[in-house]
Amino acid sequence: MKAVRYHSYGDTGVLVHEDADLPAAGPGQVVVKVAATSFNPVDVAIRAGYVREVFPLTLPHIPNFDLSGVITAAGEGAEGWSEGDAVIGFLPMTAPGAAAEYTVAPAGILAAAPRTVDLADAAALPAVGLTAWQALYEHAALRAGQHILINGAGGAVGGYATQLAKETGAVVTATASPRSAGRIRSYAADHLVDHTETPVTRALEGRRFDVVLNLVRTTPEETAELTNLVADGGAFVSTTTAAEDAGRGVRVAQVFARGDAAQLAELVARVDAGTLKIDVAARRPLGDLADVHEEAVAGRLPGKTILIP
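Counted from 1, the sequence shown has number 1377 at position 270 by the numbering used here; the numbering is strictly sequential.
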């Protein structure tokens, strides 16, 4: 089969589209013919070796942990799945990934793929959808009627977070650039802040939110300013920079997303019910993965990008 691998940490030049052995299912695993995978920004840091102590890899490594595809074989004990089942999943981040024609996945982390979208496009859901879900419900404990600020709503996680927060019944203030403003409006955000026009904390000076969800890399000073927007007893949740203790009963949390089949099934149910939209900005052949990394580092990637073997 063809796969993208890297045999050493380094720049985008280490990503090679080459022949690799077909994987075989071990106990509790299934083999999946990959329909698509998706790029996530952390892929760059993992490939460069910046986080090797957190995510130790066995080289050569096949990257990309988002998966959509069809099961072709099941190992002993891989219960609940059969050959031909369409599935999605958030693969373990240090295991061989989905940037290949076939991959192996633990049966327990998979969910049935949405029926109402193209199977390849469903690869844009697992990691970022679960990040949004866990941020809102596990860390922020978001409830109906609460006011939430989503800083970075125009990104992939932010789009799902905006939709889920609205479905929960929260009042959503979202920050977005003009490029993504139309999409965030279509998700029914109550208030939109153009962060390219006015700094967020200045635009919202004097307001307080039950929850601030920060999806943007911020300096310690910027993080402190954002925590000041949290109401007493509220929650500041970030997928990027950790926040200091803000006092005033404010809970602070940093999100490290994990695979969760039950939560993923909940997200799929919302997609099939039409209450959660999957946004795919670009569809590329798998051989373009090195170029996608380059474009991401240069800030030229248009949004959530899927890669098709």
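Where a beta carbon is used, it is the ideal one built from N, C-alpha and C, also for glycine.
Membership of G1133 in any alpha helix (DSSP H) is not indicated, and neither H nor E is assigned to it by DSSP. Under the rule that a run must span 3 or more residues, the beta strand (DSSP E) segments found entirely inside the segment 1156-1195 read 1173-1181. Taking a contact as a CB-CB distance under 8 Å, the pair A1239 and A1268 counts as one, their CB atoms being some 4 Å apart. Comparing C-alpha distances from D1228 to each of Y1116, G1184 and T1144 shows the shortest one belongs to T1144.
Rounded to the nearest angstrom, the gap between the Cα atoms of L1237 and A1364 is 7 Å. CA-CA distance, T1346 to G1259, rounds to 11 Å. One thing to note: L1174 has its Cβ within 8 Å of the Cβ of A1212. Cβ-Cβ distances below 8 Å link H1400 to T1119, L1122, F1146, D1150, V1151 and R1154 in the same chain, with the five nearest sequence neighbours on each side left out; the list follows chain order.
A straight-line Cα-Cα distance of about 33 Å links A1376 and V1357.
Judged by DSSP in its simplified three-state form, H1254 adopts strand. Annotation for K1273: no beta strand (DSSP E) segment contains it, though the alpha helix (DSSP H) segment containing it runs A1263 to T1275.
A distance below 6 Å between beta-carbons, with the five flanking residues on each side excluded, links H1254 to the following residues of its chain, in chain order: V1278, F1316 and D1317. DSSP places P1221 outside both helix and strand once states are collapsed to three, so it counts as coil. With fewer than 16 other Cβ atoms inside 10 Å of its own Cβ, A1349 counts as exposed.
Of the residues R1324, R1355 and G1406, the one whose Cα lies closest to the Cα of N1335 is R1355.
With contacts defined by Cβ atoms closer than 8 Å, A1295 and A1281 do not form a contacting pair. Sorting V1387, P1170 and I1178 by C-alpha distance to the C-alpha of V1137 places I1178 at the top.
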